[in-house]
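Colleague:
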Amino acid sequence: MLLVLLRILYLATINLKQMLTTKRNKFTLPPNLAYLNCAYMSPLLKSVEKAGIRGLRKKRNPSTITTEDFFYDTELLRTAYAQLIHAPEPRRIVIIPSVSYGMANVVKNLPVQRGEHIIVAAEQFPSNYYPWKSLCDETAAEVKIVSPPDGYINRGKQWNERMLEAINTKTRAVAIGHVHWADGTKFNLEAIRKRTRDVGALLIVDGTQSVGAMPFDVQTIQPDALICAGYKWLLGPYSIGLAYYGEAFDNGRPVEENWINRSASEDFAGLVNYKDTYQAGALRYEVGEHSNFILVPMLLKAVQQLNNWGVERIQEYCRQLSAPAIESLTTLGYRIEDEPWRGGHLFGIRLPDGIEMDKAKQMLLKNKVFVSYRGNAIRVSPNIYNTGHDLQRLVKALTKSVGLTAAQR
Ligand SMILES: Cc1ncc(COP(=O)(O)O)c(C=O)c1O
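As numbered in the working numbering, residues 10 to 418 make up the sequence shown, in order.
1) Please classify Q218 as buried or exposed, where buried requires at least 16 neighbouring CB atoms within 10 angstroms.
2) Going by DSSP, name the residue or residues bridged to A184.
3) Name the DSSP bridge partner or partners of Y253?
4) What residue from I74, F79, T30 and A48 has the CA that sits closest to A273's CA?
5) Would you identify the three-state DSSP class for L244, choosing helix, strand or coil?
6) Hey, which unbroken runs of the alpha helix (DSSP H) at 4 residues or more fall wholly within the stretch 40 to 83?
7) If distances are taken between C-alpha atoms only, which option among R359, P158, A184 and I269 comes closest to Y138?
8) Only counting the same chain, and skipping five residues up and downstream in sequence, which positions put a Cβ closer than 8 angstroms to that of I230?
9) On the DSSP letters alone, give me the boundaries of the beta strand (DSSP E) that G160 sits inside.
10) Between the C-alpha atoms of N41 and P52, what's the straight-line distance to the nearest angstrom?
11) Are the beta-carbon atoms of L86 and V305 separated by less than 8 angstroms?
12) For E275, which of helix, strand or coil comes out of DSSP?
13) Is V214 near ligand 1, with its Cβ less than 7 angstroms from a heavy atom?
14) Got a sec, what are the start and stop residues for the beta strand (DSSP E) I127 sits in?
15) Please state if the CB of A234 and the CB of V312 are separated by a distance shorter than 8 angstroms.
16) With contact counted as at least three CB pairs below 8 angstroms, one residue from each stretch, are the stretch 237 to 245 and the stretch 308 to 326 in contact?
17) Thinking C-beta only, is L251 closer than 8 angstroms to I105?
18) Just checking my contact of R181 with V129 at CB under 8 angstroms: how many whole Å lie between their CB atoms?
19) Assuming G193 contacts L360 (C-beta within less than 8 angstroms), just tell me the rounded distance between them.
20) Would you please state the rounded distance, in angstroms, between the beta carbons of F36 and Y394? I believe it to be under 8 angstroms.
And the structure:
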């Protein structure tokens with residue numbers, strides 16, 4: 010008996026060690042705000058802010074900015090991000106200013122013709138829709154939009170099934186997120202990868218709403234491209250993101266021709282000895298002036314911090330934090346996707362019949378609960394700076410919305 014008790018105690022200690030505790034003191038969020046909106050934009054880590062200020066000040070005296078500085082932090086950033094997404098070749102990772110830029114490189118190198126199609130999920134984020142729309146308009150191909158079922162029972166499961174059914178030999182690419190940006194519905198990328206491979210289609214993933222908070226393994230999923238903005242779950246600044254391009258893009262043409270992406274660009278004196286070849290891996294796709302001395306060190310600090318905490322642990326932290334709130338809200342009649350089909354860090358709440366969105370918004374605002382409204386869902390997206398108290402405030406506000414509506418009937 011004693012041995013069993015000791016074992017339980019030992020396991021509990023391990024579990025405690027592995028669980029993350031709140032990291033709110035590493036940020037400067039106002040104390041009275043329940044900020045549940047990382048899907049909109051993450052707050053700034055203090056360490057990231059400091060890195061930005063250091064970078065800004067560096068240009069006070071340009072004589073201290075060396076040739077190596079153009080390459081050094083960018084290489085560190087590739088390596089740190091490669092660790093985060095389990096990519097074996099860091100030089101397949103490039104710096105981009107936005108998701109639309111990363112997608113533009115994909116679209117430029119994806120031949121498609123009349124009769125073929127590109128698959129996207131319904132109401133997908135515009136930067137992962139317009140590039141495909143424009144490509145298909147030019148080539149008379151089709152953007153095939155896969156919608157969820159109308160009801161809320163087994164919605165995520167059925168949406169995934171529809172996605173797999175839509176893929177056929179006319180599919181040139183499936184371009185989706187790991188989770189849907191509006192309500193966190195999770196897509197089974199492994200299954201989609203298998204199906205796309207069977208028919209010879211590419212898998213292009215927008216990781217903006219998942220990478221950094223939900224594990225992503227390049228070696229398991231084997232995407233042809235993974236495009237990700239840096240200012241949400243990567244905890245970085247605005248206007249910098251990261252793109253991974255697989256072998257399908259090895260001999261492609263980038264959307265712009267920049268000096269630093271050509272071979273031997275480290276030799277500044279020899280830059281006008283123009284080169285026909287590019288730097289190794291996917292570096293041809295990197296945005297011009299990517300050695301941004303402010304944004305790169307900031308994103309680097311953020312990604313290093315994420316590696317240090319561990320993405321699996323962040324996902325588990327968010328999942329455990331949200332679980333009691335999800336249970337309470339479901340009991341009140343709010344509709345939330347089943348656990349296997351939603352992100353632990355991002356979920357949509359759909360209102361019970363008869364509750365007006367304006368009432369819910371009013372209550373959340375009054376209680377200083379900061380969330381987003383996307384489509385017909387209240388989008389809730391906690392991260393490691395949140396505590397159980399923040400989620401309780403969400404429940405309190407939404408409980409009052411139900412009460413208010415009942416009182417008015
Ligand atoms: C899924 C997703 N992709 C991309 C973006 C940002 O796109 P871009 O970097 O092109 O502005 C967002 C912003 O909300 C998003 O939610």
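For each residue, glycine too, the CB sits at the ideal point set by N, CA and C.
Modeller: By the coordinates alone:
1) As a working mapping, residue 218 is identified with position 209 in the sequence shown. Buried, by the Cβ-count rule.
2) Numbered from its first residue, the sequence shown carries residue 184 at position 175. Its beta-bridge partners are I213.
3) Numbered from 1 along the sequence shown, position 244 holds the residue referred to as residue 253. DSSP lists I102 and L235 as the bridge partner or partners of Y253.
4) The sequence position of residue 273 within the sequence shown is 264, counting from 1. Ranking I74, F79, T30 and A48 by Cα distance to A273 puts F79 first.
5) Here residue 244 corresponds to residue number 235 of the sequence shown, with the count starting at 1. In this structure, L244 counts as coil in the three-state DSSP scheme.
6) 55 to 67, all fully within the stretch 40 to 83.
7) Translated into positions along the sequence shown, residue 138 becomes position 129. Ranking the options by Cα distance to Y138, first place goes to A184.
8) What you label residue 230 is simply residue 221 of the sequence shown in a count that begins at 1. These residues qualify, in order along the chain: L198, E199, R202, L212 and V214.
9) In the sequence shown, the residue the question calls residue 160 occupies position 151. Looking at the DSSP string, G160 is not in any beta strand (DSSP E), and its letter there is neither H nor E.
10) For this step, residue 41 is matched to residue 32 along the sequence shown. For this step, residue 52 is matched to residue 43 along the sequence shown. C-alpha separation (whole angstroms): 15 angstroms.
11) Start at 1 with the first residue of the sequence shown, and residue 86 comes out as number 77. Start at 1 with the first residue of the sequence shown, and residue 305 comes out as number 296. Yes, the Cβ-Cβ distance between L86 and V305 is below 8 angstroms.
12) As a first step, residue 275 is located in the sequence shown; it is residue number 266 there, counting from the start. E275: coil per DSSP, three-state reduction.
13) Numbered from its first residue, the sequence shown carries residue 214 at position 205. Checking the Cβ of V214 against ligand 1 gives no.
14) Taking the first residue of the sequence shown as 1, we reach residue 127 at position 118. H126 to A130 is the span of the beta strand (DSSP E), which, as asked, contains I127.
15) Position 303 of the sequence shown holds residue 312. Position 225 of the sequence shown holds residue 234. Cβ atoms of V312 and A234: not closer than 8 angstroms.
16) yes
17) For the purposes of this step, residue 105 is taken as residue 96 along the sequence shown, with counting starting at 1. For the purposes of this step, residue 251 is taken as residue 242 along the sequence shown, with counting starting at 1. For I105 and L251, yes; Cβs fall inside 8 angstroms.
18) As a working mapping, residue 181 is identified with position 172 in the sequence shown. As a working mapping, residue 129 is identified with position 120 in the sequence shown. Contact doesn't hold; Cβ gap of about 12 angstroms is too wide.
19) The sequence position of residue 193 within the sequence shown is 184, counting from 1. The sequence position of residue 360 within the sequence shown is 351, counting from 1. Under the criterion of beta carbons closer than 8 angstroms, G193 and L360 do not qualify as touching, at roughly 16 angstroms.
20) Taking the first residue of the sequence shown as 1, we reach residue 36 at position 27. Taking the first residue of the sequence shown as 1, we reach residue 394 at position 385. Correct: roughly 5 angstroms between the Cβ atoms.
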